[in-house]
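Undergrad: Per numbering that gives the first Met the number 0, the very first residue in the sequence shown carries number 0; after that it's consecutive. Every residue gets a Cβ at the ideal spot worked out from N, C-alpha and C, and that includes glycine. All of these numbers come straight from a predicted model, not from anything done at the bench.
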Amino acid sequence: MLSSSTTRIFIRTTTAIRLASSTSSSSSSSSLQVLSNPTLSRPVFHAFFKPLPSTSSTSLFSSFRTDHTMATSSAKSVHDFTVKDAKGNDINLGDYKGKVLIIVNVASQCGLTNSNYTELSQLYEKYKQKGLEILAFPCNQFGAQEPGSNEQIQDFVCTRFKAEFPVFNKVDVNGDSADPLYKYLKSSKGGLFGDNIKWNFSKFLVDKEGKVVDRYAPTTSPLSIEVRQLVLCNNKGLVEVVECLKLWMTASSINE
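1. Three or more beta-carbon pairs under 8 Å between the region 78-96 and the region 112-119, yes or no?
2. When you compare each of 210, 214, 141, 217 to residue 98 by their alpha carbons, which one comes out closest?
3. Can you tell me whether residue 63 is buried or exposed, with buried defined as 16 or more other CB within 10 angstroms of its CB?
4. For the region 148-208, list the alpha helix (DSSP H) runs that are entirely contained and at least 4 residues long, ordered along the chain.
5. Classify residue 176: buried if its beta carbon has 16 or more other beta carbons within 10 angstroms, exposed otherwise.
6. Taking 8 Å as the cut-off, does the region 209-228 touch the region 182-189 (at least 3 CB pairs, one atom from each stretch)?
7. Consult DSSP for residue 100 and reduce its assignment to one of helix, strand or coil.
8. Taking a contact to mean a Cβ-Cβ separation below 7 Å, would you say residue 203 touches residue 102 in this structure?
9. Give the secondary structure of residue 81 by DSSP, where H, G and I count as helix, E and B as strand, and everything else as coil.
10. Residues in the same chain with beta-carbon distance under 8 Å from residue 230, minus the five sequence neighbours each way, listed in chain order, please.
11. Going by C-alpha to C-alpha distance, which of 199, 165, 228 sits closest to residue 207?
12. I think residue 88 touches residue 172, with their Cβ atoms under 8 Å apart; what is that distance to the nearest whole Å?
13. How big is the Cα-Cα spacing for residue 133 and residue 121?
14. What separation, rounded to the nearest whole angstrom, lies between the Cα atoms of residue 159 and residue 139?
15. Looking only at its chain, what residues have a beta carbon closer than 8 Å to the beta carbon of residue 246, apart from the 5 residues adjacent to it on each side?
16. Where does the unbroken alpha helix (DSSP H) through residue 124 begin, and where does it stop?
17. By the 10 Å Cβ neighbour count, where 16 or more other Cβ atoms means buried, how is residue 222 classified, buried or exposed?
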């Protein structure tokens with residue numbers, strides 16, 4: 000048996016549904032409205048909602064993507080870009096065809112500076128003869144932790160860390176002034192909660208064809224980046240492909 004209070008709730012809900020049905024059928028509007036029973040002292044629950052505007056499906060996520068890269072949409076790979084070295088000379092990244100690249104935004108006064116520069120140097124020393132290049136781009140957008148001139152930055156990197164990989168011209172990596180290369184990198188591999196670079200020492204792994212393979216957080220150890228398979232595989236011919244797969248399987252079994 001239903002209690003008297005349960006019965007009253009059932010009657011009120013039924014009445015509300017009937018009112019909603021009659022109102023909906025008599026109205027010329029196709030939008031569903033939130034209804035309440037005007038004859039009751041308290042509103043009752045209804046399963047009627049206004050549909051979202053058709054334009055809202057994209058606007059929901061637009062706030063997470065503050066730096067779109069339409070200007071670089073014609074670029075097909077990293078090799079299509081020209082950047083400046085620390086002395087202001089133009090460097091065609093097409094010269095790096097056939098090389099595996101790690102592209103990283105660096106800073107001299109960051110808490111991550113010591114560990115990243117040390118491990119990047121170790122990684123470069125291990126694989127530079129096998130086709131790895133590390134391209135470092137100083138950036139002062141995060142905590143103003145790269146305030147020095149290009150000359151000062153070069154001196155710091157070479158003196159303290161004995162780094163042999165190239166350090167390029169200081170650039171912006173976010174915003175309207177972001178370097179076109181970084182706009183392309185971010186559009187190729189977006190990050191969590193938006194494409195923008197989050198901090199110093201964000202890393203992009205690029206294959207020999209200039210395609211962005213992966214993106215790594217500032218706190219990711221450079222030594223953990225999987226470059227071995229890329230530098231040892233040239234993707235030319237069946238024999239090379241088979242050898243590449245063998246190397247990949249061997250590395251995977253070691254990691255396990």
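TA: On the basis of the coordinates in this document:
1. Taking a cut-off of 8 Å for Cβ pairs, the region 78-96 and the region 112-119 do not touch, as fewer than three such pairs fall below it.
2. Here the closest residue by C-alpha is 210.
3. Because the pLDDT at residue 63 is just 40, under 50, the model does not fix this residue reliably, and the value given afterwards should be weighed accordingly. Residue 63 comes out exposed.
4. Segments of the alpha helix (DSSP H) lying fully in the region 148-208: 149-160, 179-187.
5. Answer is exposed; the Cβ neighbour count stays below 16.
6. Verdict: yes, contact present.
7. Residue 100: strand per DSSP, three-state reduction.
8. For the pair residue 203 and residue 102, the CB atoms are nearer than the 7 Å cut-off.
9. Three-state DSSP puts residue 81 in a strand.
10. If we look at residue 230 and ignore the five residues flanking it on each side, its Cβ neighbours are 99, 126, 129, 130, 131.
11. Comparing Cα-Cα distances from residue 207 to each of 199, 165, 228, the minimum goes to 228.
12. No, residue 88 and residue 172 are not in contact; Cβ-Cβ is about 21 Å, not under 8 Å.
13. Those two C-alpha atoms are separated by around 11 Å.
14. Straight-line measurement puts the Cα of residue 139 at about 19 Å from the Cα of residue 159.
15. Take residue 246, set aside five residues on each side of it, and the residues of its chain with a beta-carbon closer than 8 Å to its own are 227, 228, 231, 232, in chain order.
16. According to the DSSP assignment, residue 124 belongs to the alpha helix (DSSP H) that extends over 112-126.
17. It counts as exposed.
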